[in-house]
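Novice: Order-wise, the sequence lines are chains P and Y.
So that you can map any letter, position 65 of the first sequence is 65 in this note's numbering, and since no number is skipped, the others follow by simple counting.
So that you can map any letter, position 220 of the second sequence is 1220 in this note's numbering, and since no number is skipped, the others follow by simple counting.
Here a beta-carbon is modelled for each residue, glycine too, at the ideal position from N, C-alpha and C.
Below: one structure in structure tokens.
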Amino acid sequence: MNNTETVKAGLRKRYSREKRFQFYGKAAVMSGFIFLIFLLFDITSKAIPAFNITEILLDIPMDRVSLNLSNNKSLSIDDAALASIDYGGLVKRALRTQFPEVTSRKQKKLLYKLISSGAKFELRQQLSDNPELIGGEPLSIWFKADDDIDTFYKFERITSRVNPEQIAFIETLKTQSRIRTALNFDFFTNSDSREPEQAGIKGALLGSFWTLLVTLLVSLPVGIAAAIYLEEFAPQNRLTDFIEININNLAAVPSIVFGLLGLAVFINFFGMPRSAPLVGGLVLSLMTLPTIIISSRAAIKSVPPSLKEAALGLGASHMQTVFHHVLPQAMPGVLTGAIIGMAQALGETAPLLMIGMVAFIVDVPGGVMDSATVLPVQIFLWADSPESAFTALTAATILVLLVFLTVMNALAIMLRNYFERQR
Amino acid sequence: MTTTYLFLMIAGLGLFAFFLSFQRTAQYNGPKRLQSLPHHYASLTAVWTAFPAVLLMLVWAVIEPGYLQQQIITNLPAEIAGQSSDVIGLYLNKVHLSIENKMVDSDPVIQSLVVAYEKAALNSRYLNTAMVLVLCLGGIVAGLSRILFKVHARVGIEQLLKAFLMLCSGVAIVTTIGIVLSVMFEAIRFFNAVSVFDFIFGTAWSPQTSIRIDQVGSSGSFGAVPLFLGTMLISLIAMFIAVPVGLMTAIYLSEYATPKFRLMAKPALEVLAGIPTVVYGFFAALTVAPFIRDVGESIGLSVASESALAAGIVMGVMIIPFVSSLSDDVIKAVPQSMRDGSLALGATQSETIKKVIIPAALPGIVGSVLLAASRAIGETMIVVMAAGLAANLTINPLEAVTTVTVQIVTLLTGDQEFDSPKTLAAFALGLMLFVTTLLLNVIALHVVRRYREQYE
């Protein structure tokens, strides 16, 4: 057998090996995609129930006797009168009139559990907004159902958390068409709550906003300044090398270590308040600085030298050249890097756990010094909650977070494309 | 509050100085032309006005508490001043509490101390304000008169700006030093309580320290081997997923894929890297872990509901883009001539890749794998949500293990005193984490750089 024949004999095997190898490559790429699609599908399907909520229609009597205001002879309804009304009792009474056959204490308890514990606050809000309703016709209000009832009604799934008698109540309500599912706007306008049906992400959204504001205000100027210095002014010496090594290493330090730094330095040493967006923002800016510096340097480097030389030739100082000509040209690239860094900061959780942004906070933060939590931490907190209704809320919050991240990244890409076309 | 007003005042005076100086230099009509533009002079004057004053305020803020403390101590009655420092500290605390809560203490000694303290504080505030004002006005006067001395204002302001730029680039060094010092300092305090040897080689991890001395079984043991092993196990599982898939992805995208497919596939894969880790954690804990448990049980294996496998697999998927994009760069850097040579000798494309390109790119690939490993070791949220808390000493991927990052989070979230070994242990773990990832990064960057130089 000569050489040609040897080669030919092995050819089929080699070709099939080639095909197999190519298939492995395709499979690897596809497996990444499949996982991504599966992840998004899984989270979306888990999130959808959270955007709907079950409501129950109740008739609340509005006459003064029922409201226990009969002693109040004056026509005007002041705050004291509003505070004196037993709202919880009103809701319970409305439930009892709805189901007159319920008499035993145990049954009553089950009946009251149909309605969310936030119903009395809802009623109070309605009355203090429209005090003229008092003394008028009975009011029909859709109240939110308790989260267990909500889960049962939405999925028709019988769990241990719903009692057979409660199911009978729901059936009755259904025949009277006094139960429905409606859009859950409160998910966007409420803050965190122990009750899933009342919990919302407004507090976390604003917490994220304040934290990112601090991050942006600190990391963008410092990052650009550092990039300008390293790219334009830094002499070639040991110190500059050392700075560069540090920046590269910081980019790869685990984020949780930045949290330890924040805890030890900002909170224990400088005595800044725990859980505040200020501290969170500072920690995140230290974390995103390397990203911003590296991308800003690349942007500054890509400005054509002819531009600089022309400015210098016309007598501008080095500083004037940089600030009047190089930086404006590099700005799109700098901003792209900044947006990507901000997106990173928006999704970061671990360092914020270290500085105490995991607390249960009901108030909406009004500034950088208030206690707050952020979207990813809210996801972490809710994912840990035992109530099954929180799973849907978690997934819905993840969707909101992903929408923000997508918008930010799309903005960065658009910005880059737009300015690349301009050039 | 006074500090805020003082800052606002300084800012106002600075602005005032800017406009005043701008106007004067803009209207300057002397025998010689000015060397710089009006805004240079104006900026310099504003800096002279505000900068020393702000500096003074910062120095004051550092000195003042100590000075006020000294004032109380000198005012202490002789019989108290003679006692131990603990007693004096108690009095100081009482004074501070009484001032903070605006409550009158029943003890007349403390009442008099509070009065003395408030007097000293008021004096210090007046002195501070006066000095800041003098500095500001001095700055304005100097700024306006120095114009006559033909100061080169542009050079001055540019030098200041350059110093600011340099300071900003120094933040990277300060951060690194801050990390090293803060973690090191607390870790040393921890190692004073627990020996280094016990920490690194001990095999029992139960950081619960007793509240009472005589409590049974809660003396707290800080042997970190189970944590290291758990971290390694999960990272290893992640690397088993990420390295083959990431590498094959990089090979396919750089060697086989059409440019159009590449343009689409690369950003799509990078989405995987952009998804927040807390999302992966949720997915691992609520979808992957139950799925693995069900599959395992259906074939008769006992799988923990927080198995290392679930966390490892999801972490592996998260790291795929790191491996693929770094390896992609490395593979593209292999010179085309090497490919052409191999293909010309009759090798198929896969043979070229396996026998020529991969060996040539190996150092770079190793570097990217090391970087990915450091990412896996430092990853927190996936393991916090999907791996357990129990420090089992096992290499069975179906059991629950815990990792270094999980323990840091559990030790530091929740309310506890800062001095207990339990909290300090988190910093010792943080030190180990920092040193490990730093070493991996330095080696990886070194390897990659050496490799790049080889072909450039």
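(1) So within the segment 1338-1426 of chain Y, which uninterrupted alpha helix (DSSP H) runs reach at least 4 residues, ignoring any that extend past its ends?
(2) Give me, in chain order, the residues of the same chain whose beta-carbon lies closer than 6 Å to that of T1249 of chain Y; leave out the 5 immediate sequence neighbours on both sides.
(3) So what's L95 of chain P in DSSP terms, helix, strand or just coil?
(4) Are the beta-carbon atoms belonging to Q1349 of chain Y and L1227 of chain Y less than 8 Å from one another?
(5) What do you get for A392 of chain P, buried or exposed, if any count of 16 or more other CB atoms within 10 angstroms of its CB means buried?
(6) Strictly under 8 Å for the Cβ-Cβ distance: is D241 of chain P near chain Y by that measure?
(7) Quick test of your reading: F380 of chain P and M1381 of chain Y, contact by CB under 8 Å. State the CB separation rounded to the nearest angstrom.
(8) Can you tell me which of Y:E1453, Y:L1433, Y:A1425 puts its alpha carbon nearest to the alpha carbon of S1195 of chain Y?
(9) Check this for me: beta carbons of G1388 of chain Y and E1297 of chain Y, under 8 Å apart or not?
(10) Between the segment 390-407 of chain P and the segment 42-58 of chain P, do at least 3 Cβ pairs fall closer than 8 Å?
(11) Could you tell me which uninterrupted beta strand (DSSP E) segments, each at least 3 residues in length, are contained entirely in the segment 1175-1251 of chain Y, listed from first to last along the chain?
(12) How would you list, in chain order, the residues of chain P whose beta-carbon sits under 7 Å from the beta-carbon of T1175 of chain Y?
(13) Go to A1011 of chain Y, then tell me how far its beta strand (DSSP E) extends in each direction, as first and last residue.
(14) Can you give me the C-alpha to C-alpha distance between S306 of chain P and Q329 of chain P, rounded to a whole angstrom?
(15) Count Cβ pairs between the segment 12-23 of chain P and the segment 1347-1361 of chain Y that sit closer than 8 Å; are there 3 or more?
(16) At 8 Å on the CB atoms, spell out the chain P contacts of S1221 of chain Y, in chain order.
(17) Which value, in whole angstroms, describes the spacing of the CA atoms of L1008 of chain Y and V1059 of chain Y?
(18) Measuring CA to CA, which of Y:Y1117, Y:L1438, Y:A1289 is closest to Q1069 of chain Y?
(19) Would you kindly check if the distance between the Cβ of L1165 of chain Y and the Cβ of F233 of chain P is under 8 Å?
(20) Report the residue from Y:S1327, Y:G1341, Y:L1343 whose alpha carbon sits nearest the alpha carbon of I1358 of chain Y.
(21) If I measure Cβ to Cβ from A1386 of chain Y and keep anything under 8 Å in the same chain, skipping five residues before and after, which residues do I get?
(22) List, in order along the chain, the chain Y residues whose C-beta lies closer than 7 Å to that of T394 of chain P?
(23) At what residues does the beta strand (DSSP E) containing L139 of chain P begin and finish?
(24) Leaving aside the five residues before and after V1180 of chain Y along the sequence, list all residues of the same chain whose C-beta is less than 8 Å from its C-beta, in chain order.
(25) Determine the DSSP secondary structure at N409 of chain P, reduced to helix, strand or coil.
(26) Does the beta carbon of P131 of chain P sit closer than 8 Å to a beta carbon anywhere in chain Y?
(27) Can the beta-carbon of T1129 of chain Y be found closer than 8 Å to that of L1006 of chain Y?
(28) Per the contact definition of three or more C-beta pairs closer than 8 Å, is the segment 249-264 of chain P in contact with the segment 348-361 of chain P?
(29) Look up D384 of chain P in the DSSP assignment and say whether it is helix, strand or coil.
(30) Please tell me whether S31 of chain P has its Cβ less than 8 Å away from any Cβ of chain Y.
(31) Counting along the chain, where does the beta strand (DSSP E) carrying I60 of chain P start and finish?
(32) What in chain B is Cβ-close to F404 of chain P, meaning under 9 Å?
(33) Taking 8 Å as the threshold (C-beta atoms), are V368 of chain P and G281 of chain P in contact?
(34) For K26 of chain P, which residues in chain Y fall below 7 Å Cβ to Cβ?
(35) Taking contact to mean 3 or more Cβ pairs, one atom from each stretch, closer than 8 Å, check whether the segment 166-174 of chain P and the segment 400-413 of chain P are in contact.
(36) Flag L352 of chain P as yes if its beta-carbon sits less than 8 Å from any beta-carbon of chain Y, otherwise no.
Specialist: Working from what's here:
(1) If we require 4 residues or more, the alpha helix (DSSP H) runs fully inside the segment 1338-1426 of chain Y come out as 1349-1352, 1358-1378, 1381-1386, 1404-1412.
(2) For T1249 of chain Y, where only same-chain residues beyond five positions count, the Cβ hits under 6 Å are S1324.
(3) Judged by DSSP in its simplified three-state form, L95 of chain P adopts helix.
(4) The answer is no: Cβ separation not under 8 Å.
(5) With 16 or more other Cβ atoms within 10 Å, it is buried.
(6) No, D241 of chain P does not count as interfacial toward chain Y.
(7) About 7 Å; that satisfies the 8 Å criterion.
(8) When each option's Cα is compared against that of S1195 of chain Y, the closest is Y:A1425.
(9) Cβ distance not < 8 Å, so G1388 of chain Y and E1297 of chain Y don't count as in contact.
(10) Cβ pair count under 8 Å is three or more, so yes.
(11) Considered as a whole, the segment 1175-1251 of chain Y harbours no complete run of any beta strand (DSSP E) with no fewer than 3 residues.
(12) Per Cβ cutoff of 7 Å: L250, L286.
(13) From DSSP, A1011 of chain Y is part of no beta strand (DSSP E) but of the alpha helix (DSSP H) over 1002-1026.
(14) Answer to the nearest angstrom: the Cα atoms are 12 Å apart.
(15) Three or more Cβ pairs closer than 8 Å define a contact, and the segment 12-23 of chain P meets that threshold against the segment 1347-1361 of chain Y.
(16) Per Cβ cutoff of 8 Å: no residues; S1221 of chain Y is ~22 Å from chain P at best.
(17) Those two C-alpha atoms are separated by around 18 Å.
(18) Comparing Cα-Cα distances from Q1069 of chain Y to each of Y:Y1117, Y:L1438, Y:A1289, the minimum goes to Y:Y1117.
(19) Cβ distance < 8 Å, so F233 of chain P and L1165 of chain Y count as in contact.
(20) Looking at the Cα atoms, Y:S1327 is the closest of the given residues.
(21) G1281, A1284, A1285, V1288, A1289, E1306, A1310, A1311, V1314.
(22) Simply F1282.
(23) Under the DSSP assignment, L139 of chain P falls in the beta strand (DSSP E) whose first and last residues are 139-144.
(24) Correct list, in chain order: F1434.
(25) Reduced to three states, the DSSP call for N409 of chain P is helix.
(26) Output row for P131 of chain P: interface = no.
(27) With a cutoff of 8 Å on beta-carbon distance, T1129 of chain Y and L1006 of chain Y are scored as near each other.
(28) Contact between the segment 348-361 of chain P and the segment 249-264 of chain P is present, with at least three C-beta pairs closer than 8 Å.
(29) Judged by DSSP in its simplified three-state form, D384 of chain P adopts coil rather than helix or strand.
(30) With 8 Å as the cut-off, S31 of chain P counts as an interface residue toward chain Y.
(31) It spans 52-60 - the beta strand (DSSP E) in which I60 of chain P sits, taken as one unbroken run.
(32) Note that chain B does not occur in the displayed structure, where the protein chains are P and Y.
(33) At a Cβ-Cβ threshold of 8 Å, G281 of chain P and V368 of chain P count as neighbours.
(34) Listed along the chain, the chain Y residues whose CB falls inside 7 Å of the CB of K26 of chain P are Y1252.
(35) With a cut-off of 8 Å, the segment 400-413 of chain P and the segment 166-174 of chain P do not count as touching, because too few Cβ pairs lie within range.
(36) No, no contact with chain Y.
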